[in-house]
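S.K.:
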Amino acid sequence: MVEVEINAESRLNPPLLWGIAFVVAMFGAGIFARWVDLNSFWSMAIMIPPMLLLFPMVKSGQRRQAAVCGNVSPAINAYNRRMLIWSFAYVAALFGAISIHDAIKPTGPLLWLIAILPALPILYFVWALGRYLVEETDEYIRMKQVSAALFATGVLLVLATVWGFLETFGVVIHVPTWAAVPVWAIGLGLGHFYNKVRGV
Amino acid sequence: MKNRLKVLRAERDWSQQDLADALAVSRQSVNAIETGKYDPSLPLAFRISDVFEMPIEAIFSRD
Numbered sequence: 002m003v004e005v006e007i008n009a010e011s012r013l014n015p016p017l018l019w020g021i022a023f024v025v026a027m028f029g030a031g032i033f034a035r036w037v038d039l040n041s042f043w044s045m046a047i048m049i050p051p052m053l054l055l056f057p058m059v060k061s062g063q064r065r066q067a068a069v070c071g072n073v074s075p076a077i078n079a080y081n082r083r084m085l086i087w088s089f090a091y092v093a094a095l096f097g098a099i100s101i102h103d104a105i106k107p108t109g110p111l112l113w114l115i116a117i118l119p120a121l122p123i124l125y126f127v128w129a130l131g132r133y134l135v136e137e138t139d140e141y142i143r144m145k146q147v148s149a150a151l152f153a154t155g156v157l158l159v160l161a162t163v164w165g166f167l168e169t170f171g172v173v174i175h176v177p178t179w180a181a182v183p184v185w186a187i188g189l190g191l192g193h194f195y196n197k198v199r200g201v
Numbered sequence: 084m085k086n087r088l089k090v091l092r093a094e095r096d097w098s099q100q101d102l103a104d105a106l107a108v109s110r111q112s113v114n115a116i117e118t119g120k121y122d123p124s125l126p127l128a129f130r131i132s133d134v135f136e137m138p139i140e141a142i143f144s145r146d
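One line per chain: the protein sequences are E and X, in this order. Each residue of the first sequence is one higher than the one before, starting from 2 at the first, in the working numbering. Each residue of the second sequence is one higher than the one before, starting from 84 at the first, in the working numbering.
1. From the DSSP output, in three-state form, read off K89 of chain X for me.
2. Please confirm if A115 of chain X has its CB atom under 8 Å from at least one CB of chain E.
3. What are the residues in the region 133-164 of chain E lying within 8 Å of chain X by C-beta distance?
4. Going straight from the alpha carbon of Q63 of chain E to that of S88 of chain E, what length do you get?
5. Could you give the first and the last residue of the continuous alpha helix (DSSP H) run that contains S98 of chain X?
6. Could you spell out the range, first to last residue, of the alpha helix (DSSP H) harbouring W19 of chain E?
7. Kindly indicate which three-state DSSP category S61 of chain E falls into: helix, strand or coil?
8. So, is E182 of chain X buried or exposed, given that buried needs 16 or more other C-beta atoms within 10 angstroms?
9. Considering only residues of the same chain and omitting the five flanking positions on each side of M58 of chain E, which have a CB-CB separation below 7 Å?
10. Can you tell me whether DSSP reads S124 of chain X as helix, strand or coil?
11. Which whole-angstrom value is the C-beta distance of G136 of chain E and A79 of chain E, which I expect to be below 8 Å?
12. Determine the contact status of G97 of chain E and L118 of chain E, defining contact as a CB-CB distance below 8 Å.
13. Just to confirm, are K89 of chain X and G200 of chain E a CB contact at a threshold of 8 Å?
14. To the nearest angstrom, report how far apart F152 of chain E and T138 of chain E are at their CA atoms.
15. Would you tell me roughly how many angstroms separate the C-alpha atoms of E117 of chain X and V69 of chain E, rounded to the nearest one?
16. Which residues, taken in chain order from the region 102-133 of chain X, show a beta carbon closer than 9 Å to some beta carbon of chain E?
17. Which chain X residues are close to S74 of chain E, counting only those with a beta carbon under 8 Å from its beta carbon?
18. Give the secondary structure of F170 of chain E by DSSP, where H, G and I count as helix, E and B as strand, and everything else as coil.
19. Terminal residues of the continuous alpha helix (DSSP H) containing G1 of chain E?
20. Kindly say whether G200 of chain E, judged by its beta-carbon, lies nearer than 8 Å to any beta-carbon of chain X.
21. Within 10 angstroms of its Cβ, does R95 of chain X collect 16 or more other Cβ (buried), or is it exposed?
22. Do you know offhand how far M144 of chain E's Cα is from F135 of chain X's?
23. Assign I77 of chain E to one of two classes, buried (16 or more other C-beta atoms within 10 Å of its C-beta) or exposed (fewer than that).
24. From the DSSP output, in three-state form, read off S41 of chain E for me.
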């Protein structure tokens with residue numbers, strides 16, 4: 002009976018739908034900003050409404066975990082809270098860095114400081130990933146997360162290697178190295194999907 | 084590895100959630116162990132053994 006309930010709940014995936022809505026809204030905002038040639042201030046400002054979609058995404062994720070797992074682990078709650086913190090901190094830091102850079106055209110140590118500003122929330126994100134694995138007490142759930150993380154790392158290594166050589170030989174455009182984190186995050190999602198496909 | 088978790092649980096009229104609560108793990112974990120998708124670590128196997136008050140080898144066996 003319980004297994005039937007789990008399978009029935011697994012078919013509906015509201016967090017995935019919210020996640021797709023978030024990605025579509027972010028890309029849509031980015032394309033719109035380029036299309037109407039918005040300045041850096043308004044380009045960042047129109048990212049805020051899509052960012053708000055993160056709240057229902059996280060909430061529905063917690064509800065789904067409660068339905069599928071029987072409870073929401075404190076580690077997941079902390080992880081979700083940290084994900085929201087870094088996401089909004091990242092937008093604020095990027096917005097601040099671009100605004101300051103455009104306004105005062107800094108040089109020297111100040112330029113270094115401003116350039117590193119958007120990276121700090123990403124470092125917090127990496128720390129939060131590590132903390133989650135330390136704090137998660139459910140070994141099966143932790144194993145699934147580690148498995149997905151290894152899959153994501155493999156995806157990133159493969160893409161970085163192939164793209165790097167294509168770039169070296171002038172076949173493709175240059176991609177900034179900060180793209181590693183979003184690529185890894187997409188790989189994490191694919192890793193969870195792969196877990197599901199192989200029945201883990 | 085095979086296990087008798089489902090049978091032992093049924094004998095006690097416990098749901099997966101009851102067992103999950105007793106082991107301080109998720110219902111998903113109990114389901115994964117019961118269906119053979121996941122083999123528990125030795126510490127968790129000992130906890131399962133404690134909950135059922137049976138030796139590990141009476142619950143788990145080789146394929």
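Glycine residues also receive a C-beta, built at the ideal position from the N, C-alpha and C atoms. Just so we're clear, the structure is a prediction, and the values are computed from it rather than from any experiment.
M.R.: In short:
1. To locate residue 89 of chain X, count along the second sequence from 1; it is residue 6. It is helical.
2. Mapped onto the second sequence, residue 115 of chain X falls at position 32. With 8 Å as the cut-off, A115 of chain X counts as an interface residue toward chain E.
3. Residues T138, D139, E140, Y141, I142 and M144.
4. Along the first sequence, one-based indexing puts residue 63 of chain E at 62. Along the first sequence, one-based indexing puts residue 88 of chain E at 87. Between Q63 of chain E and S88 of chain E, the C-alpha separation is close to 18 Å.
5. To locate residue 98 of chain X, count along the second sequence from 1; it is residue 15. In the DSSP assignment, S98 of chain X falls outside any alpha helix (DSSP H), carrying neither H nor E.
6. Within the first sequence, the letter at position 18 stands for residue 19 of chain E. Here the alpha helix (DSSP H) through W19 of chain E covers P15 to W36.
7. For the purposes of this step, residue 61 of chain E is taken as residue 60 along the first sequence, with counting starting at 1. Here S61 of chain E sits in helix by DSSP.
8. Chain X is shown from 84 up to 146; residue 182 of chain X falls before or after that span and cannot be answered.
9. Taking the first sequence and counting its residues from 1, one reaches residue 58 of chain E at position 57. Beyond the five residues adjoining it in sequence on each side, M58 of chain E comes within less than 7 Å, by CB distance, of P16, W19, G20 and F23 in the same chain, given in chain order.
10. Counting from one through the second sequence, the residue named residue 124 of chain X turns up at place 41. Reduced to three states, the DSSP call for S124 of chain X is coil.
11. As a position in the first sequence, residue 136 of chain E is number 135, starting the count at 1. As a position in the first sequence, residue 79 of chain E is number 78, starting the count at 1. The displayed chain sequence assigns Glu, not Gly, to residue 136 of chain E. The Cβ separation is near 6 Å, so the contact holds.
12. Translated into positions along the first sequence, residue 97 of chain E becomes position 96. Translated into positions along the first sequence, residue 118 of chain E becomes position 117. A Cβ-Cβ contact shorter than 8 Å links G97 of chain E with L118 of chain E.
13. Along the second sequence, read from residue 1 onward, the residue named residue 89 of chain X stands at position 6. Along the first sequence, read from residue 1 onward, the residue named residue 200 of chain E stands at position 199. No; because the gap between Cβ atoms is not below 8 Å, this pair is not in contact.
14. Looking up residue 152 of chain E in the first sequence gives position 151. Looking up residue 138 of chain E in the first sequence gives position 137. Straight-line Cα distance between these residues: approximately 21 Å.
15. As a first step, residue 117 of chain X must be located in the second sequence, where it is residue number 34. As a first step, residue 69 of chain E must be located in the first sequence, where it is residue number 68. Approximately 16 Å between the Cα atoms of the pair.
16. Of all residues in the region 102-133 of chain X, the ones placed with a Cβ closer than 9 Å to any Cβ belonging to chain E are A103, D104, A107, V108, S109, R110, Q111, S112, V113, N114, A115, I116, E117, T118, K120, Y121, P123, S124, P126 and L127, in chain order.
17. As a working note, residue 74 of chain E is residue 73 in the first sequence. What S74 of chain E touches in chain X: S109.
18. On the first sequence, position 169 is the one that residue 170 of chain E refers to. F170 of chain E: coil per DSSP, three-state reduction.
19. Residue 1 of chain E lies beyond the range of chain E shown here (2 to 201); nothing can be said about it.
20. Numbered from 1 along the first sequence, position 199 holds the residue referred to as residue 200 of chain E. Chain X places a beta carbon closer than 8 Å to that of G200 of chain E, counting this residue as a contact.
21. Here the question's residue 95 of chain X lines up with position 12 in the second sequence. With a 10 Å radius around the Cβ and a threshold of 16 neighbouring Cβ atoms, R95 of chain X comes out exposed.
22. Translated into the one-based positions of the first sequence, residue 144 of chain E becomes position 143. Translated into the one-based positions of the second sequence, residue 135 of chain X becomes position 52. Approximately 24 Å between the Cα atoms of the pair.
23. Here residue 77 of chain E corresponds to residue number 76 of the first sequence, with the count starting at 1. By the Cβ neighbour-count rule, I77 of chain E is buried, with 16 or more other Cβ atoms within 10 Å of its own.
24. Position 40 of the first sequence holds residue 41 of chain E. In the three-state scheme derived from DSSP, where H, G and I count as helix and E and B as strand, S41 of chain E is classed as helix.
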